[in-house]
Each structure stands twice: as C-alpha cells, then as structure tokens.
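Below is one structure; the comments refer to it alone.
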C-alpha cells in the first residue's frame with residue numbers, strides 16, 4: 321500500500337511523462353499546460369487507494385487513474401470558459417492564454433484522450449467493461465450537474481434538495497466513481513464497490529458544503545480564493561437557501577433586497593449578508609450538516625470488507641479533506 | 321443485406337426513438353435537435369454496410385453506428401460555434417437557437433453519449449476492444465484535422481500535402497473508421513479491415529475535393545451552399561494551392577492581390593479568382609485528381625475478400641457520393 325503523498329508523486333510523475341501526438345502542437349500544448357498546473361490529484365489518488373485495498377500493483381490501472389484526472393481537468397477548462405474565469409490555480413486560464421476556440425477544441429481533445437486512456441488499458445482485463453460504465457456514469461453526470469448549476473443562477477426558488485443533488489452530480493459523483501472504479505478494477509465484489517461509491521459520494525457532499533462554508537467563513541490568508549464570491553453572485557448554496565428559509569421579518573427582507581440589488585459595494589454586500597447568516601446561525605447549521613454527512617460517509621467505509629488497518633489511508637484522506645483550512 | 325435507403329431509414333428510426341436522461345432538459349434538448357436535423361447519415365450507413373459484408377444482424381451494432389453519427393454531429397455543433405456559423409442544414413445552429421455556453425456543454429455531453437453508446441454495447445462481444453481503438457483513432461484525428469484547418473486560415477504557405485493531410489484527418493478518417501469498425505465488429509480479418517479503411521479514406525479524400533470543386537463550379541440551385549465561400553475566405557484548398565503554383569506573371573500577381581485584399585465586392589472577387597482558375601485549368605486538374613483517388617479507393621474495395629456481388633452496395637454508395645451534383 322502507498323501513502324497519499326506517494327500516490328500524488330506517482331500521479332504527477334505519470335502526467336509529466338505523458339506523450340501526446342507531436343503535432344498539431346497548438347492542440348496539445350494547452351492540454352499539457354492545464355495538466356501541469358497541479359492540484360490535489362484527489363480523483364486519481366482515490367482510485368489508486370481503493371485499488372490498493374485489494375491489490376498492490378497500482379501501475380496496472382494508472383491509465384484509468386490518469387484518465388479520470390484528465391477528464392476532471394477537461395471539465396475545469398470548459399467550465400472556466402463558460403464562467404469567463406481569468407485565472408485557475410494562480411495561472412491564466414486557457415481561453416485567456418490562448419483564445420476561446422482553442423479552449424473549446426483542446427478541451428474536446430482532452431475529453432477524448434481521457435476516454436482513450438481509459439478504454440485502451442488492456443492490462444485492466446475483463447473488469448474494464450464494468451469500470452467503463454462507471455466512468456460513463458460519472459462523465460455524463462458531471463455535465464448534468466454543470467447544467468443545473470448554470471440553470472440555478474437565474475432561479476430564486478432553488479430548494480435544498482435540488483442544491484444537494486446538483487453538488488452530488490457536479491462534485492461528489494467523480495469522487496464516488498473514482499473509488500468504485502478502483503475497486504471494480506481490483507475485482508472487488510459489488511457490495512464493496514457500492515459501499516466505496518457511497519463513502520465517496522457522502523465525502524464529496526461534505527467536502528462541497530465545507531467549501532461553501534469557507535467561501536464565507538474561511539481565513540482569506542489560507543483559503544486561496546477571495547472570501548464572499550458566492551455571496552456576491554447570489555449562489556444558491558445550502559447556506560443561502562437555509563438562511564432564506566429561517567430568516568424572518570427585517571432580516572429576510574434585507575437578505576432578499578441584497579439578492580435583488582444590481583449595484584452595490586461588494587464588501588458592504590458580503591458584510592451585510594454574513595451578518596444575517598450570523599444572526600440566523602447558519603454557520604453551525606452548515607457545520608452540523610457537514611458532520612452528519614461525514615459520519616455517514618465513514619459508516620459506508622466501515623462496511624467495506626477489508627481489514628480495518630487497510631482503510632486507515634482512506635480515513636486519513638477524508639479527514640484531511642474535511643478538516644482542511646485551505 | 322440492406323440497401324442504402326433501408327439503412328438510412330433504420331438509422332433515422334433509431335435516432336428518433338433514442339431516450340436521453342429526462343432531466344436536465346436544457347442539456348438534452350439541443351442534442352435531440354441537432355440529431356433530428358437529418359443529413360445523409362453517411363457514417364453509420366457505411367459502418368452497417370461494412371458489417372453487412374460479413375453478417376446480417378445489423379441490430380447488434382446499431383449503438384456503435386449511432387455513436388459515430390452522434391460523434392459526427394457533436395463535431396458539427398462545436399465547429400459551427402468556433403466558426404460562428406448561424407445556420408446548419410437550413411436551421412439555426414445551437415449557439416444561435418440557445419447560446420454559446422449551451423453549445424459548449426451540450427456538445428460535451430454529446431461526445432460523452434457517443435462514447436457511452438459505443439463502449440456499453442455488450443452485444444458487440446470481444447471485438448469491441450479493437451473497434452474501440454479505431455473509434456478513438458477517429459475521434460482524436462478529427463480534432464487534429466480541425467486544428468490544422470484553423471491554423472491554415474492564418475497561413476499563406478500551405479502545401480498540397482498539408483492540405484491533403486488536413487482533409488484526410490478532418491473528413492476521410494471518420495469514413496475510413498466507420499468501415500473498419502463495421503468490419504471489426506463483424507469479426508473480419510485484419511487485411512479486410514485495413515482494405516476497407518483505405519477504401520473509405522480514399523473515398524473521403526475524393527469526396528472532399530469534389531466538395532471543394534462544387535464550391536466553385538457547382539450549380540447554385542442544387543449545391544445547397546452559396547457558391548464561392550471558399551474563395552471569399554481564402555481557404556487554402558487543393559485548387560487555390562495549385563493555382564498559386566501554376567499561375568505566372570499577371571495571373572499570379574492578380575491572385576495574390578485578391579488574397580491580400582481586405583475590402584472588396586464579394587461577387588467581383590469570386591468572378592476574378594474563378595477566371596484565373598479557368599485560365600490555369602484548375603477544374604480539370606482537380607477532376608483528374610478526384611478520378612485518380614477514386615480509382616484507388618475502388619482498388620482497395622476490390623481486395624476485400626468477400627463475393628463481388630456483396631460489394632455492389634458500397635460501390636453504388638461511393639458512386640453516388642462522388643457523382644452527386646448537390
């Protein structure tokens with residue numbers, strides 16, 4: 321078994337050595353660029369850790385792990401284009417460094433390369449077909465999630481269940497499928513595969529709620545993004561939806577008025593909305609929800625039929641992911 | 321064996337009955353729309369015809385045939401977005417009917433659905449793995465071709481070989497792979513698979529050169545597109561590249577001057593360039609090249625080890641594709 325740090329190093333090494341078609345360079349340079357920007361490599365590492373519960377020869381499934389990371393980075397590339405985001409991981413996004421058409425076409429090629437890596441790994445043997453279905457579930461589900469995310473921007477009646485389903489699709493599914501694919505490729509039985517999937521799904525939900533919480537209450541020095549971004553764009557997060565439900569009288573009117581306002585001082589809006597959040601106690605409600613879902617995730621991991629000692633890596637991973645302050 | 325008309329009907333029927341996720345509707349409506357706009361269904365029909373050379377149960381590989389058509393329509397969707405084209409097959413393009421972000425995301429989902437259809441067809445049996453590699457070759461190659469096409473727009477030194485390689489990737493490869501996949505899924509031997517691939521590759525090249533020729537010399541009443549589009553955007557076609565090589569003195573100077581001109585009367589430019597084409601005899605040079613490549617394509621079909629009578633459908637298909645006047 322490998323530690324998380326070892327797996328990250330193995331993933332980064334594999335990505336660094338990857339060979340693309342030498343030509344046309346204009347198509348492949350943006351792909352190499354995006355994949356070189358780093359990141360926590362959460363998805364391939366989860367896949368390798370799940371595989372590691374049953375088998376040691378992780379090199380066998382490296383193409384599948386890298387396929388998932390390539391797919392994830394493709395979604396970032398196209399999402400940044402759709403959001404007109406200028407920066408990603410401290411570097412200019414592809415449509416800024418090159419242009420929009422390059423971002424479209426290199427993104428498409430990246431998605432295809434992800435499928436190529438995944439589907440052509442003959443070492444994976446007969447388990448590949450089942451794993452391929454899980455991969456397909458993830459790739460299409462993330463598109464569903466992105467579509468809901470876009471649609472929610474122009475809606476003011478998004479319900480908590482709808483928000484949770486959106487983040488399940490957009491964020492959790494890929495973690496869930498990473499774990500399930502790792503187990504499937506190792507030949508684990510269906511019960512274990514599903515429990516690992518649910519462990520990842522719940523962990524992903526808790527992770528996203530935590531991310532939303534940090535967007536309001538994080539320490540700007542360590543969070544890495546500007547505080548209050550979700551508040552400024554009226555993102556219908558778990559917190560905003562619940563604050564709107566709980567707040568009454570003047571607080572509710574204030575909150576609704578800030579959502580409607582087209583022109584305002586950004587800092588003033590962030591402060592005003594946060595003050596209402598504080599008054600209705602949204603921070604502890606959100607923390608409680610995170611705790612609850614995180615507990616559920618660990619219960620699913622508990623059901624996986626391998627020695628408890630082997631699960632320590634995944635437990636540590638989940639704890640680091642959730643207890644992080646950046 | 322089924323006739324071409326029967327196969328088109330079967331393909332259209334299958335597309336019409338296809339079920340997508342019911343939600344989010346905003347993601348799937350553009351996909352249904354694009355696939356409902358018709359077209360000649362060349363790629364799935366070629367795949368089914370190649371399969372038909374060996375086997376009759378075409379229903380077995382319908383998901384693979386539809387995957388190829390879905391992929392092809394995905395490329396049209398994203399290409400139209402990149403080209404800012406307003407119309408496709410007499411209807412508004414997706415980014416016009418919806419918006420640019422919808423075109424990006426629905427296109428991505430379409431590419432994923434193509435892979436889902438292709439990779440999850442368990443009826444295809446063990447031949448699926450080889451066929452999948454051919455599918456990957458096609459999907460990535462088309463991106464390479466599109467990238468070259470974009471790059472050639474801003475270059476004035478494109479050589480004939482480069483142009484031929486670009487249209488091979490952008491147009492021929494998908495026809496070649498359609499035929500090869502059909503044969504692979506039917507369990508044909510490697511020699512037959514490769515000869516069918518080369519038959520398709522050469523047919524595709526001849527088809528694209530014919531399309532370029534019709535863009536200049538076609539009958540506007542039947543061609544379906546406006547005549548002279550390639551001349552107006554200085555597309556480095558086989559014809560323009562050769563005309564620049566052959567023309568001398570005043571003709572060459574004139575041609576180069578029209579390419580450089582930023583402001584002009586479109587009809588005047590089309591007429592002037594066509595006049596130079598006529599003077600250097602580019603029409604017959606192009607026709608001769610088409611004939612030559614078309615002959616090569618039939619030779620490859622001739623080598624395929626099935627009864628000659630079975631090849632009649634493909635011969636007819638190729639003839640119809642090339643002798644068409646629209």
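Residue numbers (my numbering), protein chains in the order written: chain A, 321 to 646; chain B, 321 to 646. Built from N, CA and C at the ideal position, the CB exists for glycine as well.
query: Taking a contact to mean a Cβ-Cβ separation below 8 Å, would you say residue 371 (chain B) touches residue 524 (chain B) in this structure?; result: no
query: Taking all protein chains shown into account, do 16 or more other C-beta atoms lie within 10 angstroms of the C-beta of residue 384 (chain B), making it buried, or fewer, making it exposed?; result: buried
query: Determine the burial state of residue 436 (chain B): buried for a count of at least 16 other Cβ atoms within 10 Å of its Cβ, exposed for fewer.; result: buried
query: Give a yes or no on whether the minimum CB-CB distance between residue 330 (chain A) and chain B is below 8 Å.; result: no
query: Residue 487 (chain B): which of B:332, B:563, B:558, B:539 sits nearest, CA to CA?; result: B:558
query: In chain order, what are the residue ranges of uninterrupted alpha helix (DSSP H) at least 4 long that sit wholly in the region 466-501 of chain B?; result: 480-487
query: Along the region 421-443 of chain A, what residues have a CB closer than 8 Å to any CB found in chain B?; result: 421, 424, 425, 427, 428, 429, 431, 432, 433, 435, 436, 439, 440, 442
query: Of the residues that make up the region 461-490 of chain A, which ones have a beta carbon closer than 8 Å to any beta carbon in chain B?; result: 463, 464, 466, 467, 468, 470, 471
query: Note down, in chain order, all residues in the region 335-359 of chain B with a beta-carbon under 8 Å from any beta-carbon belonging to chain A.; result: 341, 343, 344, 346, 347
query: Shortest alpha-carbon distance to residue 351 (chain A) belongs to which of A:393, A:467, A:360, A:536?; result: A:393
query: Could you confirm whether any beta carbon from chain A is found closer than 8 Å to the beta carbon of residue 388 (chain B)?; result: no
query: Closer than 7 Å between beta carbons: that is the criterion. Which residues of the region 388-416 of chain B meet it against chain A?; result: 398, 401, 402
query: How many angstroms separate the CA atom of residue 626 (chain A) from the CA atom of residue 618 (chain A)?; result: 14 Å
query: Whose Cβ in chain B lies nearer than 8 Å to the Cβ of residue 585 (chain A)?; result: Under the 8 Å cutoff, chain B gives no residues; its nearest Cβ is about 29 Å from residue 585 (chain A).
query: Just mark residue 591 (chain B) as buried or exposed, buried being the case when its beta carbon has 16 or more other beta carbons within 10 Å.; result: exposed
query: If you compare alpha carbons, which of A:624, A:448, A:411 is closest to residue 518 (chain A)?; result: A:624
query: Along chain B, which residues have their Cβ under 8 Å away from the Cβ of residue 456 (chain A)?; result: 432, 435, 436, 439, 440
query: Please state if the CB of residue 489 (chain A) and the CB of residue 465 (chain A) are separated by a distance shorter than 8 Å.; result: yes
query: Give the DSSP-derived three-state secondary structure of residue 334 (chain A) in the structure shown.; result: helix
query: According to the Cβ coordinates, are residue 479 (chain A) and residue 613 (chain A) closer than 8 Å?; result: no
query: Comparing alpha-carbon positions, which option in B:329, B:460, B:473 lies nearest residue 386 (chain B)?; result: B:329
query: Using the Cβ count rule (16 or more neighbours within 10 Å means buried), how would you classify residue 633 (chain A)?; result: buried
query: What number of angstroms, rounded off, separates the C-alpha of residue 343 (chain A) from the C-alpha of residue 405 (chain B)?; result: 27 Å
query: Does the beta carbon of residue 367 (chain A) sit closer than 8 Å to a beta carbon anywhere in chain B?; result: no
query: Just checking: is the beta-carbon of residue 380 (chain A) within a distance shorter than 8 Å of some beta-carbon in chain B?; result: no
query: Does residue 333 (chain A) pass the burial test, meaning 16 or more other C-beta atoms within 10 Å, or should it be called exposed?; result: exposed
query: Measuring alpha carbon to alpha carbon, tell me which of A:409, A:544, A:504, A:606 ends up nearest residue 380 (chain A).; result: A:504
query: Assuming residue 578 (chain B) contacts residue 593 (chain B) under a Cβ cut-off of 8 Å, what Cβ separation, rounded to an integer in Å, is found between them?; result: 6 Å
query: Under 8 Å, Cβ to Cβ, is there at least one residue of chain B near residue 504 (chain A)?; result: no
query: Is there a C-beta anywhere in chain A that falls below 8 Å from the one on residue 453 (chain B)?; result: yes
query: Could you check if residue 645 (chain A) is buried or exposed, using at least 16 other CB atoms within 10 Å of its CB as the buried criterion?; result: Residue placement at residue 645 (chain A) cannot be trusted, given a pLDDT of 49 that sits under 50; what the coordinates show is reported in the next sentence. The residue is exposed, with fewer than 16 neighbouring Cβ atoms inside 10 Å.
query: Out of A:476, A:368, A:639, A:546, point me to the one whose CA is closest to residue 407 (chain A)'s CA.; result: A:546
query: Report buried or exposed for residue 456 (chain A), applying the criterion of at least 16 other Cβ atoms within 10 angstroms of its Cβ.; result: buried
query: Name, going along the chain, the residues of the region 572-596 of chain B whose beta-carbon falls closer than 8 Å to a beta-carbon of chain A.; result: none
query: Measuring straight from C-alpha to C-alpha, what distance separates residue 603 (chain A) and residue 553 (chain A)?; result: 19 Å
query: Cutting at 6 Å between CB atoms, please list the residues of its own chain near residue 513 (chain B), excluding the five before and the five after it.; result: 500, 503, 504
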